[in-house]
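In what follows, a structure is listed as C-alpha cells, so that the remarks can point back to it.
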Amino acid sequence: MSRFFIFLLVLIPFVAQLVALPLVDKIYPFVLGFPLFHFWLFIWMILTPVFTWGVYLIQKSKGELE
Amino acid sequence: MQGNLTALLLTTVIVLSVVLVGFIAGRNKASRSSVEEWSVGGRRLGSLFVWFLIGADVYTAYTFLGLTSTAFKGGSIAFFATPYVVLAYPLAYFFLPRIWKVAKVHNFMTLADYVKGRFDSKLLGVLFAINGVLMLIPYVDLQLSGIQDTLKVAGSGYINVTFVVSVSFLLVAFYTFFSGIKAPTYTAIIKDILVWIIMLFLVATLPMIHFGSWGNMMDAMVQKAPQMLTVPTGGPKGLIWFSTAALISALALFMWPHTATGTFSSRSAESLRKNAIVLPFYNIVLMLVTFLGITAYLVDPNGTDPRYAFLMLIHMSYGGVVQGLAYSTIALASLVPCSIMAIGASNLFANNIYRDMINPTVAPAKLTMVTRYMVFVVIGMALLFGLLFPTALVSLQLMGVSGIVQIFPAVVFSLYWRNLSKEATLIGFIAGMFTVFFVYATGKSFGMYEGFIGLVVNIVLMVALNPMFIKNAKMNEVTETLFGK
Numbered sequence: 197m198s199r200f201f202i203f204l205l206v207l208i209p210f211v212a213q214l215v216a217l218p219l220v221d222k223i224y225p226f227v228l229g230f231p232l233f234h235f236w237l238f239i240w241m242i243l244t245p246v247f248t249w250g251v252y253l254i255q256k257s258k259g260e261l262e
Numbered sequence: 006m007q008g009n010l011t012a013l014l015l016t017t018v019i020v021l022s023v024v025l026v027g028f029i030a031g032r033n034k035a036s037r038s039s040v041e042e043w044s045v046g047g048r049r050l051g052s053l054f055v056w057f058l059i060g061a062d063v064y065t066a067y068t069f070l071g072l073t074s075t076a077f078k079g080g081s082i083a084f085f086a087t088p089y090v091v092l093a094y095p096l097a098y099f100f101l102p103r104i105w106k107v108a109k110v111h112n113f114m115t116l117a118d119y120v121k122g123r124f125d126s127k128l129l130g131v132l133f134a135i136n137g138v139l140m141l142i143p144y145v146d147l148q149l150s151g152i153q154d155t156l157k158v159a160g161s162g163y164i165n166v167t168f169v170v171s172v173s174f175l176l177v178a179f180y181t182f183f184s185g186i187k188a189p190t191y192t193a194i195i196k197d198i199l200v201w202i203i204m205l206f207l208v209a210t211l212p213m214i215h216f217g218s219w220g221n222m223m224d225a226m227v228q229k230a231p232q233m234l235t236v237p238t239g240g241p242k243g244l245i246w247f248s249t250a251a252l253i254s255a256l257a258l259f260m261w262p263h264t265a266t267g268t269f270s271s272r273s274a275e276s277l278r279k280n281a282i283v284l285p286f287y288n289i290v291l292m293l294v295t296f297l298g299i300t301a302y303l304v305d306p307n308g309t310d311p312r313y314a315f316l317m318l319i320h321m322s323y324g325g326v327v328q329g330l331a332y333s334t335i336a337l338a339s340l341v342p343c344s345i346m347a348i349g350a351s352n353l354f355a356n357n358i359y360r361d362m363i364n365p366t367v368a369p370a371k372l373t374m375v376t377r378y379m380v381f382v383v384i385g386m387a388l389l390f391g392l393l394f395p396t397a398l399v400s401l402q403l404m405g406v407s408g409i410v411q412i413f414p415a416v417v418f419s420l421y422w423r424n425l426s427k428e429a430t431l432i433g434f435i436a437g438m439f440t441v442f443f444v445y446a447t448g449k450s451f452g453m454y455e456g457f458i459g460l461v462v463n464i465v466l467m468v469a470l471n472p473m474f475i476k477n478a479k480m481n482e483v484t485e486t487l488f489g490k
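From first to last, the protein sequence lines stand for chains Z and F. First residue of the first sequence: 197, per the numbering used here; consecutive thereafter. First residue of the second sequence: 6, per the numbering used here; consecutive thereafter.
Spelled out as C-alpha cells, the structure:
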C-alpha cells in the first residue's frame with residue numbers, strides 16, 4: 197500500500213507538469229500576478245518538494261532508508 | 006555601443022576576488038593529495054556544500070542569457086526550463102543515494118567508472134567517457150560565449166574581449182588545478198549569493214523602472230504580446246516540444262560528468278536525499294528571470310540581437326554600479342561552473358581513457374597528477390574551439406542534452422534491474438545516439454525534442470533485446486553491492 201502511495205507521489209508532479217499542460221496553457225485567469233500557465237508552473241515548483249518529502253516520510257517510517 | 010567604465014571596473018574587481026577565493030580554497034595541501042581528495046573532496050562534503058555544488062549547476066551564464074534570449078524570441082516556450090529543473094529532483098531522490106553508495110564502496114570517480122564496473126565492460130566505460138567529454142566541452146563553450154557577450158556589453162571600447170576571456174579561463178584552470186573541488190564549492194557559494202540578490206533585485210526593479218509595477222508590466226505583455234504568454238499547441242516548438250524537452254533535460258541533469266562529481270563528493274546518502282527534496286525551491290529565481298526575456302522584448306530597441314536581449318535590458322536600465330554587479334554575476338555564473346565541469350571531464354580523461362586504455366598500471370600519485378593536468382587540456386580545448394571554430398560547435402551544443410541523456414538507461418536502470426546485460430545496454434546506447442544524430446541531421450522530429458526520440462529507441466531496444474543476452478548477465482562485486490549475493 198505504501199509503495200502505491202510513493203508511486204502516486206512521484207507520478208502526480210510529472211503528470212501535472214508534463215501531461216496536463218494543454219488544460220492550463222492559458223493567460224486567464226491571472227493568479228497572484230501571473231498568467232494561469234505560469235502560475236501553474238510556479239505552484240508545482242512549491243508542491244513537488246512537498247510530494248517528495250511525503251515519499252521521504254513514508255520511507256522513513258517503514259525503515260527503508262539507510 | 007560604448008561600455009560603462011564603472012561597470013567594467015566593478016566586474017573586474019569582483020571576478021578577481023572570486024579567483025583569489027578559488028586559490029585560498031585549496032591552501033590546505035591535502036586538497037590535492039589524491040584523486041579522491043582533489044576530485045570529490047574525499048567524499049566528505051556536508052549537505053550545505055552539496056547544495057551549492059549541485060544546485061549551482063542550474064545557475065550558469067547560459068541559463069541566464071540563453072533562457073532570456075529564448076523567451077525574447079519565442080515567449081513562453083522558454084519556460085520548459087521550469088518543470089525541467091523541478092522534475093530532475095524527485096527522480097534523483099531515488100537514484101542518487103544508490104549510485105553514491107556504490108561509488109563510495111568501489112571508489113568510483115565517474116559514471117563511466119560505474120558502468121565499467123557494473124557491466125565488467127571497459128568498452129562501455131570508454132564510450133561513456135568519450136560521450137561525456139564530447140558533450141561537455143561544447144557546454145563549457147556555451148559558458149565561454151556567455152562571458153564573452155557580457156564583456157562585450159560591459160567593456161566595448163575599453164578592452165580586448167578575447168584576451169580577457171582567455172585570461173579569465175586560464176585563471177580558472179589554475180585555481181582548479183591547485184584547489185580541486187574545493188574551488189568550485191567555495192566560489193559557488195559567493196556566486197549563488199550574488200545570483201539571488203542581484204537577480205531578485207532586477208526582477209523587482211525592472212518592471213517598476215519601465216512599467217511602474219509588476220502588474221502594469223503584465224498588462225503590457227497581455228496587450229502587446231499575448232502570443233508570448235502561452236505555448237502554441239502544435240508546430241515545431243509547441244506543447245509537445247515543451248514537455249519532451251523538460252522531461253529529457255530533467256533526466257539528463259544528473260548524467261553530466263560535473264553533476265556526477267558533485268554527487269560523489271557528498272558525505273552521506275541522507276544529505277543527497279535532503280538536497281533532492283528541497284532543491285526545486287532553489288529555482289524560483291530562474292523562473293522569474295525567464296520573464297525578463299519577455300520584458301526585454303517590450304523594452305529593448307527594435308532589431309536587438311536575441312543573444313544580447315537580457316544584457317541590453319540591463320545596460321539600458323541602470324547606472325554603472327548595478328550594471329557592474331549584474332555583469333559580474335553573469336561572468337561568475339560562467340566561470341564558476343566551468344571549474345567543476347573541468348574536474349568532471351578531467352576525471353573521465355584520466356580514469357576512463359588514460360588509465361583504462363593507455364596505462365592500466367599507473368601509480369596513484371601519477372594518476373593524481375595526470376587528472377589535475379587534464380584541467381588545462383579541457384579548458385585549453387574549450388578555449389581553442391570556442392575562440393577559433395565557434396561555428397563548428399553549434400551542432401554539438403544543440404545535441405549536448407540529447408546526447409548525454411542516452412546514458413540514463415545504462416546508469417539508472419542498471420541500479421535496479423539485476424539481469425540487465427551489457428550487450429542490450431550497449432546496443433540501446435548506440436542506437437539512441439544514432440537516432441539523435443539522424444533526427445538532427447534530417448530535422449524530422451515531429452514536434453518532439455530530439456533526445457526524446459533517441460531515448461525511446463534506446464530503451465525499447467534495450468528492453469526488447471535483453472532476453473537474448475540474459476544468460477550472459479553475470480554477478481560481480483558491484484552487483485553484489487547493489488542487489489546482495
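Glycine included, each C-beta is placed from N, C-alpha and C at the ideal position. Since this is a predicted model, take the numbers as computed values, not measurements.
Any beta strand (DSSP E) of 3 or more consecutive residues that is wholly inside the region 49-91 of chain F: Correct list: empty.
Output, in chain order, the set of chain F residues within a Cβ distance shorter than 9 Å of Met-241(Z). Per Cβ cutoff of 9 Å: Thr-87, Pro-88, Val-90, Val-91, Pro-285, Phe-286, Asn-288, Ile-289 and Met-292.
Are Thr-430(F) and Ala-415(F) close, meaning C-beta to C-beta below 8 Å? Going by C-beta atoms, Thr-430(F) is nearer than 8 Å to Ala-415(F).
Sub-8 Å separation of Tyr-454(F) and Leu-291(F) beta-carbons: In this structure, Tyr-454(F) sits away from Leu-291(F), with a CB-CB distance that is not shorter than 8 Å.
For Thr-167(F), which residues of its own chain have a beta-carbon under 7 Å away from its beta-carbon, when the five flanking residues on both sides are left out? Once the five neighbours on either side are set aside, the close Cβ partners of Thr-167(F) are Leu-392.
Say whether the region 273-281 of chain F touches the region 93-104 of chain F, bearing in mind that this needs 3 or more beta-carbon pairs closer than 8 Å, one atom from each stretch. Between the region 273-281 of chain F and the region 93-104 of chain F, the count of C-beta pairs closer than 8 Å reaches three or more; the two stretches touch.
In chain order, what residues of the same chain lie with their CB nearer than 7 Å to the CB of Ser-184(F), ignoring the 5 residues before and after it? Excluding the 5 residues flanking it on each side, Ser-184(F) has same chain C-beta neighbours closer than 7 Å at Gly-27, Phe-28, Ala-30, Gly-31 and Ser-36, in chain order.
Under the three-state reduction of DSSP, which class applies to Phe-230(Z): helix, strand or coil? The answer is strand: DSSP assigns Phe-230(Z) an E or B state.
Status (buried if at least 16 other CB within 10 Å, exposed otherwise) for Pro-231(F): Counting other Cβ atoms within 10 Å of its Cβ, Pro-231(F) stays below 16 and is therefore classed as exposed.
Should Phe-451(F) go down as buried or exposed, given a rule of 16 or more other Cβ atoms within 10 Å for buried? Using a 10 angstroms sphere on the CB of Phe-451(F), the tally of other CB atoms stays under 16, which defines it as exposed.
Candidates Pro-95(F), Leu-139(F) and Ala-117(F): closest to Val-251(Z) by CA position: Ranking Pro-95(F), Leu-139(F) and Ala-117(F) by Cα distance to Val-251(Z) puts Pro-95(F) first.
If I follow the unbroken alpha helix (DSSP H) through Thr-210(F), where does it start and stop? From DSSP, the alpha helix (DSSP H) with Thr-210(F) extends over 187-216.
Could one say the Cβ of Val-251(Z) lies closer than 8 Å to chain F's Cβ atoms, at least one of them? The beta carbon of Val-251(Z) sits closer than 8 Å to some beta carbon of chain F.
Just to confirm, is the Cβ distance from Val-107(F) to Tyr-119(F) under 8 Å? The criterion of a C-beta distance shorter than 8 Å is satisfied by Val-107(F) and Tyr-119(F).
Using 8 Å as the cut-off, can you tell me whether the region 108-127 of chain F makes contact with the region 322-332 of chain F, which would need three or more C-beta pairs spanning the two stretches below that distance? Short answer: they don't touch.
Are the Cβ atoms of Leu-132(F) and Ala-251(F) separated by less than 8 Å? No. Outside cutoff.
Using a Cβ-Cβ cutoff of 7 Å, what residues of the region 96-112 of chain F are near chain Z? List them in chain order. For the region 96-112 of chain F, the set of positions with a beta-carbon nearer than 7 Å to some beta-carbon of chain Z reads Tyr-98 in chain order.
At the level of alpha carbons, what is the spacing between Thr-295(F) and Ala-76(F)? The straight-line gap from Cα to Cα measures roughly 7 Å.
Contact residues within the region 214-226 of chain Z, judged by C-beta distance below 8 Å to chain F: Within the region 214-226 of chain Z, contact with chain F at the beta-carbon level (separation under 8 Å) is assigned to Leu-214, Val-215, Leu-217, Pro-218, Asp-221, Lys-222, Ile-223 and Phe-226.
Would you tell me roughly how many angstroms separate the C-alpha atoms of Phe-124(F) and Ile-203(F), rounded to the nearest one? A straight-line Cα-Cα distance of about 47 Å links Phe-124(F) and Ile-203(F).
Endpoints, alpha helix (DSSP H) assigned at Glu-428(F): Taken as a continuous stretch (DSSP letters only), the alpha helix (DSSP H) holding Glu-428(F) covers 427-447.
Would you decide whether Phe-257(Z) is buried or exposed? Buried here means 16 or more other CB atoms lie within 10 Å of its CB. At residue 257(Z) the sequence reads Ser, which differs from the Phe that was named. Exposed, because fewer than 16 other Cβ atoms sit within 10 Å of the Cβ of Ser-257(Z).
State buried or exposed for Asn-481(F), treating a residue as buried only when at least 16 other CB atoms are found within 10 Å of its CB. Note on Asn-481(F): under 16 other CB atoms within 10 angstroms of its CB, so exposed under the neighbour-count rule.
Check each residue of the region 232-245 of chain F: if its Cβ is closer than 8 Å to any Cβ of chain Z, include it; give the result in chain order. Residues of the region 232-245 of chain F whose Cβ lies closer than 8 Å to any Cβ of chain Z, in chain order: Leu-234, Thr-235, Val-236, Thr-238 and Leu-244.
Coil, strand or helix - Ser-161(F) by DSSP: In the three-state scheme derived from DSSP, where H, G and I count as helix and E and B as strand, Ser-161(F) is classed as coil.
Terminal residues of the alpha helix (DSSP H) in which Asp-224(F) lies: Counting along the chain, the alpha helix (DSSP H) containing Asp-224(F) begins and ends at 219-229.
Who are Ser-271(F)'s beta bridge partners in DSSP? For Ser-271(F), the beta-bridge partners assigned by DSSP are Leu-50(F).
Check the Cβ-Cβ distances between Arg-272(F) and every residue of chain Z, and say whether any is below 8 Å. For Arg-272(F), the answer is no, since every Cβ of chain Z falls outside 8 Å of its Cβ.
Around the C-beta of Asn-471(F), are 16 or more other C-beta atoms found within 10 angstroms, so that it is buried, or is it exposed? Buried is the call here.
CA-to-CA distance, Thr-309(F) to Trp-246(F), given in whole angstroms: Each residue's Cα considered, the two are about 26 Å apart.
For the alpha helix (DSSP H) holding Leu-293(F), just list the boundary residues, first then last. Where Leu-293(F) is concerned, the enclosing alpha helix (DSSP H) stretches over 289-304.
Nearest by alpha-carbon distance to Ile-475(F): which of Leu-425(F), Trp-43(F) and Ala-12(F) is it? Minimum Cα distance to Ile-475(F) is reached at Leu-425(F).
Indicate the three-state DSSP secondary structure (helix, strand or coil) for Arg-32(F) in the structure shown. Three-state result, Arg-32(F): coil.
Partners in chain Z for Phe-247(F), counting only beta-carbon separations shorter than 8 Å: What Phe-247(F) touches in chain Z: Leu-217.
Could you have a look at Phe-238(Z) and say whether DSSP puts it in helix, strand or coil? Three-state DSSP puts Phe-238(Z) in a helix.
Exposed unless 16 or more other CB atoms sit within 10 angstroms - verdict on Ala-368(F): Around the beta carbon of Ala-368(F), fewer than 16 other beta carbons lie within 10 angstroms, which makes this residue exposed.
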